[in-house]
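One structure is given below, encoded as structure tokens.
Residue numbers (the numbering used here): 58 to 433.
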């Protein structure tokens, strides 16, 4: 809880700095742009206003995301941060479309810019400020895992490039008398539109639900298998409820000699350590038992493994157990998303194994590659 509060304070403080800087820059750029009759500088000022609005949205989103879980939303409100990042993306996109329309109008009905030394100095200063602001905000965003800050920081860096291009257009006009203002404005708008689309795409992808971070998945599995009783961790599923807020489940392989009491103690230890080390709540830990009483089971497992791994789309086999008393053979296979028909792969595997073990009833589950899985 203290870490979450600290993270929120950092995001809000960084956003306030962004608001103050953008309002300051927008005011000066608007005055300069109107005085110099420069559509590019005016559009740059409008973009700064949208950046300030983005920071306000980030603050509101962070405040709402920090609300305590309740009966209606028992997993908390962390995903609001993704919604605020989406709104920022839409604002950037809107600013780009608006700037493009205005630039096209100026291409059709051009105006002659009137650059002054003061105007150029202010724009040059804005380039430096935006570069520093963009680097700072994006760096903080990456540190606290805030998409809203990362998007705002990237947008600020883009603003610096835009302001620099405005200076280049001014230099061309002063040296040659050729005005590239309107065309530059259209180019700037196109870059902003592209940036907005990319931000929106990335945010929507997270809202839809992306696969777990591979490094986090590996670290969790390493923690789980650190217990001597656990020989393997599989089927790790992580549900994201906001930045750094995960609930999940995992299956573990343990000897079939463990009692219910032993399993209960082990599962509680694993759950507590995973939460302590990775801030991930394991809501369920499933159990696969390993044959330890039947020497023929190991040979059967190797035979099945050879059959299964002949198919290139099978990433892994786990949870193998042979019960000679009940004549059942059970295991899970992880089938790659690259397979054209995953169910067909599963069916063919079952047919091959059944042919090799005609006297046994098969229980073969097809698992999904939710995190990193590799062939054994």
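C-beta: ideal position from N, C-alpha, C; glycine also.
Beyond the five residues adjoining it in sequence on each side, residue 177 comes within less than 8 Å, by CB distance, of 224 and 227 in the same chain, given in chain order.
Beta-bridge pairing by DSSP links residue 305 to 295 and 339.
Here the C-alpha atom of residue 233 lies approximately 58 Å from the C-alpha atom of residue 394. Residue 310 places its beta carbon less than 8 Å from that of residue 347. In this structure residue 426 is not in contact with residue 371, their Cβ atoms being roughly 11 Å apart against a cut-off of 8 Å.
With respect to residue 82, residue 186 sits close: the two C-beta atoms are nearer than 8 Å. Beta-bridge analysis with DSSP links residue 345 to 310. Per the DSSP secondary-structure output, residue 388 pairs in a beta bridge with 421. Where residue 395 is concerned, there is no enclosing alpha helix (DSSP H), because DSSP gives it neither an H nor an E.
For residue 380, the pairing in a beta bridge is given by DSSP as 385. When the Cα atoms are used, residue 94 and residue 295 turn out to be separated by approximately 54 Å. Here residue 375 is bridged, per DSSP, to 389. Residue 286 holds the alpha-carbon nearest to the alpha-carbon of residue 314 among 265, 286, 396 and 260.
Going by C-alpha positions, residue 355 is about 56 Å away from residue 251. Note on the segment 64–146: whole alpha helix (DSSP H) runs with a minimum of 4 residues are 96–122, in chain order. Between the segment 121–140 and the segment 206–215, the count of C-beta pairs closer than 8 Å stays below three; the two stretches do not touch.
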